[in-house]
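J.: Heads up, the sequence shown is in the working numbering, so the first residue is 423 and it goes up one at a time.
I am attaching a structure below and will ask some questions about it afterwards.
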Amino acid sequence: MHSNRAPFWLTATAWAVIIFLHFPLIIIALYAFNTEEAAFSFPPSGFTLHWFQVAAARGDILNAVTLSLKVAALATIIALILGTLAAAALWRKAFFGRNVISFVLMLPIALPGIITGLALLTAFNKLGITPGMFTLVVGHATFCVVIVFNNVVARFRRTAWSMVEASMDLGADGWQTFRYIILPGLASAMLAGGMLAFALSFDEIIVTTFTAGHEQTLPLWLLNQLGRPRDVPVTNVVALVVMLATMLPILGAWWLTRDTDTTAGSEK
């Protein structure tokens, strides 16, 4: 009798890989609560929330967090607008250059971050734009658009065109059809894409390095802390916060899109 369960060795290997990948993250989270000021004294000597209080009182950390949140929020809004419009344009109509546009949209996420960062920095220099808040938002939006586009266009492809035709046959205009037929099906995909885009923008480091100028986001702050061993406990706390800030939106996006194959009106 055939079993759908994976062999024991395959399951054990999968769990071993997961533990191997996440073990450093677990160590950082554990030592964020360590009472010792030393970097990694094993075993941890006790449990404390002192370093969280220290981190919350640091103005440089709060400024970096605020900047990262602003950049991520603005980049996500831009990505939601442009990504959704691009998905709508490429959904049904076949036109000359359609595949080229799709390829160009995918380039920022497909290319190594250092290539994207260098390209953006060169473009900004040619245009006479000084790196700062504006360039940060534009740089992050370039790859956030891809995330939103992928989610939305996948949901568009699962939308039965017969439902749109039925709405139009019943007298609905284009806006009513979009509002009552298309948008409800897109809502969770847009939200999931936005959450993923926000998470990626919040912890982006490579493109940020080339486009930040004198601005310092939270990932850049963490990078600068590598040369300051006395601040390791505080750095662990900030790293834990970053992990949670990026993990929760990703889990939320997964939860929102976990039933996409059974969405009403979807096409297999």
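Note that the Cβ used here is the ideal one computed from N, Cα and C, for glycine as well.
Over what stretch of residues does the alpha helix (DSSP H) that includes Ala510 continue unbroken?
T.: Gly481 to Trp513
J.: Which parts of the stretch 515–562 are runs of the alpha helix (DSSP H), unbroken and 4 residues or longer, counting only runs that do not cross its ends?
T.: 520–532 and 535–549
J.: Would you check if the stretch 609–621 and the stretch 538–547 touch, i.e. whether three or more CB-CB distances between them fall below 8 Å?
T.: no
J.: Alpha carbon to alpha carbon, how far is Pro465 from Val568? Give it in angstroms, no decimals.
T.: Cα to Cα, Val568 sits roughly 44 Å from Pro465.
J.: Under a three-way DSSP split, which group does Phe600 fall into?
T.: helix
J.: DSSP beta-bridge partners for Phe469?
T.: Asn456
J.: Closer than 7 Å by C-beta to Leu662: which residues in its own chain qualify, once you throw out the five before and the five after it? Chain order, please.
T.: Ile450, Ala451 and Ala454
J.: Do the stretch 470–481 and the stretch 622–630 make contact, defined as three or more Cβ pairs closer than 8 Å?
T.: no
J.: Between the C-alpha atoms of Gly687 and Gly607, what's the straight-line distance to the nearest angstrom?
T.: Unreliable placement is indicated for Gly687, whose pLDDT of 38 sits below 50; the coordinate value is still reported in the next sentence. Each residue's Cα considered, the two are about 9 Å apart.
J.: Compute the distance between the beta-carbons of Gln638 and Leu489, then report whether it is under 8 Å.
T.: A contact, by the Cβ cut-off of 8 Å.
J.: So, helix, strand or coil for Arg427, using DSSP?
T.: Looking at Arg427 - three-state DSSP - the assignment turns out to be coil, as it is neither helix nor strand.
J.: In this structure, does DSSP put Leu432 in helix, strand or coil?
T.: helix
J.: Output the distance between the C-alpha atoms of Ala510 and Leu491, rounded to the nearest integer angstrom.
T.: Using only the alpha carbons, I get a separation of about 28 Å.
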